[in-house]
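Notes follow once the structure below has been shown.
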Ligand SMILES: Cc1cc2nc3c(=O)[nH]c(=O)nc-3n(C[C@H](O)[C@H](O)[C@H](O)COP(=O)(O)OP(=O)(O)OC[C@H]3O[C@@H](n4cnc5c(N)ncnc54)[C@H](O)[C@@H]3O)c2cc1C
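In my numbering, the protein residues as written are 5 to 426.
So this is what it looks like as structure tokens:
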């Protein structure tokens, strides 16, 4: 005889069931309960903790959104879903996010690069706000509830079965289960008859074959260009050398725009770095000439070219073929040309990407043409809604992914509130 699981046979009834206690699920729940306080709204989360990605986001500071830009400019920061988001952002914009949190007592600050954080620099502030707002709006929160199967009920509504054996019967259902990285994660969405665009990682760092960059781990350059020849991928911004290769905003953006192309080559490809994007080969030749004349007795390695960090300069000089004692006065022309090449076009070989846990976001998800975006509701299954990273929308770093979660969650919540009259 089958052993009875804890909770087996128990059936909850609710008006709105939200599967996934992350950013999108919480935002939807709060929007729904606030818009229609008579509704019974419940959030079901598989793990023991709600909002665990919010906790680790932004290095523990939670980059809530990005400085409000003109809507078209904002939407252009999404490699997947730009056009769809454009209409959604007109309904719940980054400015609305700022007002939403500030109205609930969270003070926010915008950093020079446009990223918005709580002034406490702690993601716990955002978690506390979301949990308190949900409880205040009467949302019931259920941890340790992993949804295993969905079933449509004749005449309307859904039955959700949990791994524990427990069930919930609901009028409206929202799937906000986050980025799909495994077949089991895709199964729930697919079981409802929806198709997912292939899911691959986005926002990852790069592993390099070359060891010289790894030797200067921790060194960063504020303004450099990384490009991938033959793939039309080029990003400009800060680049950071790490123990495994390269990271930093320019690298992460490159991985977002190139998520599918880089996956297709199994993350093995040649790339180039322009360490001084505003400098021409002629300007460097002139700089070398000046050094030969004015600093001839000094070693090449001891005269870094501003604003390059000294450790990077030293490695570039070594890659060009200079020895530690080589002086400017005796620097051969051939090596100086190679130094110019290193500064303006360092060639590197990428041999992989960061580990799964370091990937920030999933590229791919439920196909947008299967969703009525005005309500974030399935076109195939009335009453079933979607929000957050589960759908085929993802942004670059800088607060864009949370903004997509807030926007789609809020619209789904409003829509379910209108339709789920008890
Ligand atoms: C390390 C890291 C840092 C990041 N930093 C930022 C940042 O600073 N700014 C930014 O904009 N974005 C950031 N992101 C991306 C951002 O966290 C996500 O895009 C966002 O959390 C997506 O929200 P979501 O609610 O759709 O999914 P999630 O936050 O992933 O929430 C989904 C929830 O559903 C639950 N779940 C899954 N399956 C089931 C099931 N079957 N039953 C019940 N529950 C289930 C999961 O346990 C999870 O709690 C970061 C991501 C990572 C990994």
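Backbone N, C-alpha and C define an ideal beta-carbon position, used for all residues, glycine too.
Discussion item. What does the alpha-carbon distance come out to for the pair residue 215 and residue 146?
Written reply: 48 Å
Fill in: CB contact flag (residue 325, residue 342, <9 Å)
yes
Worksheet item: Is there a Cβ from chain B that is less than 9 Å from the Cβ of residue 415?
Response: Absent from the structure is chain B; it holds one protein chain and no more.
Worksheet item: Who are the Cβ neighbours of residue 80 in its own chain at under 8 Å, not counting the five residues just before and after it?
Response: 86
Fill in: 9 Å Cβ cutoff met for residue 352 and residue 212
yes
Worksheet item: If residue 1 sits next to residue 28, beta carbons under 8 Å apart, how far is it from one beta carbon to the other, in whole angstroms?
Response: Absent from the model: residue 1. The displayed extent of the chain is 5 to 426, so no value can be given.
Worksheet item: How should residue 139 be labelled, buried or exposed, when 16 other C-beta atoms within 10 angstroms of its C-beta is the threshold for buried?
Response: exposed
Worksheet item: Is the distance from the Cβ of residue 83 to the Cβ of residue 399 below 9 Å?
Response: yes
Worksheet item: Taking the alpha-carbon positions, what's the residue 100 to residue 379 distance?
Response: 18 Å
Worksheet entry | Pick from 420, 422, 411, 421 that is closest to residue 95, judged by C-alpha positions | 411
Discussion item. Here's the rule: buried if 16 or more other CB atoms are within 10 angstroms of the residue's CB, otherwise exposed. What is residue 269?
Written reply: exposed
Worksheet item: How would you write the range of the beta strand (DSSP E) that residue 242 sits in, first residue to last?
Response: 237-245
Worksheet item: Does ligand 1 have even one heavy atom less than 8 Å from the beta-carbon of residue 227?
Response: no
Fill in: contact_flag[the stretch 381-395, the stretch 305-322] where n(CB pairs < 8 Å) is 3 or more
no
Discussion item. With a threshold of 8 Å (Cβ to nearest heavy atom), would residue 3 be considered close to ligand 1?
Written reply: The chain is shown from 5 up to 426; residue 3 falls before or after that span and cannot be answered.
Practice prompt. Within 10 angstroms of the Cβ of residue 171, are there 16 or more other Cβ atoms? Answer buried if so, exposed if not.
Written response: buried
Fill in: 7 Å Cβ shell around residue 5 - same chain, five flanking residues per side excluded
The pLDDT assigned to residue 5 is 36, lower than 50, so where the model puts this residue is not dependable, and the model offers no usable value.
Discussion item. Distance check for residue 243 and residue 275, CA to CA, integer angstroms please.
Written reply: 13 Å
Worksheet item: Looking only at C-alpha atoms, which of 227, 200, 293, 66 sits nearest to residue 122?
Response: 66
Discussion item. Just to confirm the assignment, what range does the beta strand (DSSP E) spanning residue 233 have?
Written reply: No beta strand (DSSP E) contains residue 233, which DSSP labels as neither H nor E.
Discussion item. Using a Cβ-based criterion (distance less than 8 Å to any ligand heavy atom), does residue 401 qualify as near ligand 1?
Written reply: yes
Worksheet item: Are at least three pairs of beta-carbons, each pair with one atom in the stretch 219-232 and one in the stretch 109-128, less than 8 Å apart?
Response: no
Fill in: Distance, residue 103 Cα to residue 114 Cα
13 Å
Item to complete: Return yes when the Cβ of residue 406 is within less than 9 Å of the Cβ of residue 187, no when it is not.
Response: no
Worksheet item: Is it true that the CB of residue 175 sits closer than 9 Å to the CB of residue 373?
Response: no
Worksheet item: If you check the beta carbons only, do residue 120 and residue 59 fall under 9 Å apart?
Response: no
Practice prompt. May I ask you to list the residues that DSSP assigns as paired with residue 176?
Written response: 20
Item to complete: Compute every distance between the C-beta of residue 149 and the non-hydrogen atoms of ligand 1, then say whether any falls below 8 Å.
Response: yes
Fill in: Contact belief for residue 180 with residue 24 at Cβ below 8 Å, rounded distance in angstroms
4 Å
Worksheet item: Between the Cα of residue 3 and the Cα atoms of 204, 286, 323, 166, which residue gives the shortest distance?
Response: Residue 3 cannot be examined here, being either before or after the span of the chain that is shown, 5 to 426.
Discussion item. Quick check: what's the CA-CA separation for residue 255 versus residue 55?
Written reply: 27 Å
Practice prompt. Under 8 Å by Cβ, that's how I've got residue 384 and residue 198 pegged, so tell me the actual separation to the nearest angstrom.
Written response: 6 Å
Fill in: Whole-angstrom distance between residue 14 and residue 7, CA atom to CA atom
Unreliable placement is indicated for residue 7, whose pLDDT of 40 sits below 50; the coordinate value is still reported in the next sentence. Looking at the two C-alpha atoms, the distance is approximately 15 Å.
Item to complete: Go to residue 272, then tell me how far its beta strand (DSSP E) extends in each direction, as first and last residue.
Response: 272-278
Practice prompt. Name the residue from 38, 344, 414, 296 whose alpha carbon lies nearest to the alpha carbon of residue 330.
Written response: 296
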